[in-house]
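In this note's numbering, the protein residues as written are 1271 to 1597.
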Amino acid sequence: MKLETRVITDAVGTVLVHNVAFPSGRLALRKGTHLDNGHIKTLQKTEHAEILVAILDEDDVPENEAARRMAEALQTNGLCLNQGAGGRINFRAEVDSLLVVNTERLLQLNLIPGITLATRLQYALVGPHQTGDEVATLKIIPYAVPQADLITALELARIRPGIIELRPIPVGRQVALLLIGEPAVHKKLCRSFETPIRTRLERLGAVLSTIEVTPSTTEAIGDAAARLAAGHDLLIIAGQTSIMDSDDVTLRALRLAGAEVVAHGAPVEPGNLLALAYFSGMPVLCAPGCIRSLSSNVVDLILPRLLLGERLGQTEIAHLALGGLLK
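(1) For leucine 1424 versus alanine 1343, is the C-beta spacing smaller than 7 Å?
(2) What residue range is occupied by the uninterrupted beta strand (DSSP E) comprising leucine 1555?
(3) Terminal residues of the continuous alpha helix (DSSP H) containing threonine 1487?
(4) Which partner residues of valine 1477 appear in the DSSP bridge assignment?
(5) Can you list the beta strand (DSSP E) stretches of 3 or more residues lying completely in the region 1276 to 1363, in chain order?
(6) How big is the Cα-Cα spacing for leucine 1313 and glycine 1295?
(7) Do you know how far the Cα of glutamate 1586 is from the Cα of arginine 1562?
(8) Where leucine 1571 and arginine 1473 are concerned, what is the direct C-alpha to C-alpha distance, given to the nearest angstrom?
(9) Which residue's Cα is closest to the Cα of alanine 1355: Arg1338, Ala1446, Ile1481 and Ala1388?
(10) Could you check if glutamate 1512 is buried or exposed, using at least 16 other CB atoms within 10 Å of its CB as the buried criterion?
(11) Return the CA-CA distance between glycine 1579 and glycine 1501, expressed in angstroms with no decimal places.
(12) By how many angstroms is the C-alpha of isoleucine 1325 removed from the C-alpha of threonine 1316?
(13) By the DSSP assignment, the alpha helix (DSSP H) with glutamate 1425 in it spans what residues?
(14) Please determine, among Pro1398, Thr1275, Leu1564 and Ala1547, the residue with the shortest C-alpha to C-alpha distance to leucine 1576.
(15) Quick check: the region 1419 to 1433 against the region 1462 to 1470, are there 3 or more CB pairs under 8 Å?
(16) In terms of residues, what are the limits of the alpha helix (DSSP H) holding leucine 1571?
(17) Quick one: Cα of leucine 1377 to Cα of leucine 1459, how far?
(18) Ignoring anything shorter than 3 residues, give me the beta strand (DSSP E) runs that lie fully in the region 1358 to 1392, in order along the chain.
(19) Have a look at the DSSP bridge pairing and note the partners of histidine 1534.
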């Protein structure tokens, strides 16, 4: 593709590079218009004698066709396509899902001249019942791209698993909440923690099916945690104070009860004092005090992944550092 300035009568078959207006200021023709004889008559009513046009080479693929082919190659289960204007197509989630992006191939794709794909953040919650259902947007930058570049991009886009994948959020996961504190504050703990935790879980299609309160002793915590873990898909532990040390009473109790503690501390604010453990593959989320707020915090970054059955450890928690300052 090349750009040329041509007299209006010699512009049939080319692509208009810039918007053109009538003398009144009203738009005559929009940029990107593929000019035919009717368009030439319209242009002759403007004050322009010449216009800047794009002339496509034989092997060039027009922007809208290139966008369509790319979008179809990128589309995976749960994604629907919305045609935009000027070589743009948007991807939306049909069901509530967790977005998983192959960042290496996303980078490779965006290094191909003229082709861009922008996504939401890794592990973003998307869907009709989330904060938004838009997943990604594809934009062909010039009015056409060379066939060879498009073929290279299509090869990347067709690899499976795809550059963009959605993991639907399972419905009906059973979650238990274990609250830890002195007997005098048990009712206050329930009032503080139950509503925000229940609200979070309902947004993710999960059910807060059991709530228990226990004193902050090693034996009481361990017995309650092991029992609740046996009958639920996820156990959330919260309490009067957050876990301050890797040998704090809650983590010591979990270890003695047979759990594996895989992480303590997260590079996320709010939520630095997170801990994570497993009873034979069943996750135990030891939540910091910020879970009492519905504002975004570390729990929102890992809870959906745990409900999907993803096993997380200290390495996955460490990866939250980039973008981990949430307030």
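Ideal Cβ positions, reconstructed from N, Cα and C, are used throughout, including at glycine. In this text, all values refer to a predicted model and were calculated from it rather than measured experimentally.
According to the structure data:
(1) Against a cut-off of 7 Å, the Cβ pair of alanine 1343 and leucine 1424 comes out as a contact.
(2) 1552 to 1556 is the span of the beta strand (DSSP E), which, as asked, contains leucine 1555.
(3) DSSP places threonine 1487 outside any alpha helix (DSSP H), giving it a letter other than H or E.
(4) DSSP output for valine 1477 lists Gln1444 as bridge partner(s).
(5) As far as the region 1276 to 1363 is concerned, its whole beta strand (DSSP E) runs of at least 3 residues are 1297 to 1299, 1320 to 1325, 1330 to 1332, 1349 to 1353 and 1358 to 1363.
(6) Roughly 13 Å between the two C-alpha positions.
(7) Whole-angstrom Cα-Cα distance: 24 Å.
(8) Going from the Cα of leucine 1571 to the Cα of arginine 1473 covers about 14 Å.
(9) For alanine 1355, the nearest C-alpha among the options comes from Arg1338.
(10) In the sequence under discussion, the amino acid at residue 1512 is serine, which differs from the glutamate named in the question. By the neighbour-count criterion, in which a residue is buried when 16 or more other Cβ atoms sit within 10 angstroms of its Cβ, serine 1512 is buried.
(11) Taking the straight line from one Cα to the other gives about 16 Å.
(12) Answer to the nearest angstrom: the Cα atoms are 22 Å apart.
(13) Start and end: 1417 to 1427.
(14) When each option's Cα is compared against that of leucine 1576, the closest is Ala1547.
(15) The way I'd put it, the region 1419 to 1433 doesn't touch the region 1462 to 1470; fewer than three beta-carbon pairs between them come closer than 8 Å.
(16) Per DSSP, leucine 1571 belongs to the alpha helix (DSSP H) from 1568 to 1577.
(17) Looking at the two C-alpha atoms, the distance is approximately 46 Å.
(18) With a minimum length of 3 residues, the continuous beta strand (DSSP E) runs that stay inside the region 1358 to 1392 are 1358 to 1363, 1367 to 1371 and 1385 to 1389.
(19) Note: histidine 1534 sits in a beta bridge opposite Ala1545.
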